[in-house]
Amino acid sequence: MSTLWGEPLGPEYVSGPVYVVGDDIYELDRDGDGVACEG
Numbered sequence: 001m002s003t004l005w006g007e008p009l010g011p012e013y014v015s016g017p018v019y020v021v022g023d024d025i026y027e028l029d030r031d032g033d034g035v036a037c038e039g
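Just so you know, the sequence shown maps onto residues 1 to 39 in the UniProt record's numbering.
Below, the structure written as structure tokens:
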């Protein structure tokens, strides 16, 4: 994801789980358990 000017909206890498809160408009939590981008 990025801004209209092409600037990134966050870190390239994170450590630990990323939680989805609210609507998952980018479908990052495909199994619906609240944790995004699980392998």
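Where a beta carbon is used, it is the ideal one built from N, C-alpha and C, also for glycine. Being a predicted model, the structure only gives us computed values, none of them experimental.
Separation of residue j from residue i, as counted between CA atoms
i, j, result
"R30", "D24", "9 Å"
"V35", "P17", "6 Å"
"G39", "E7", "26 Å"
"G32", "Y13", "22 Å"
Proximity of residue i and residue j at Cβ, strictly below 8 Å
i, j, result
"L28", "V21", "no"
Simplified DSSP assignment, three categories, for residue i
i, result
"V18", "strand"
Sequence-distant residues of its chain with Cβ nearer than 7 Å to residue i (five each side left out)
i, result
"C37", "V18, L28"
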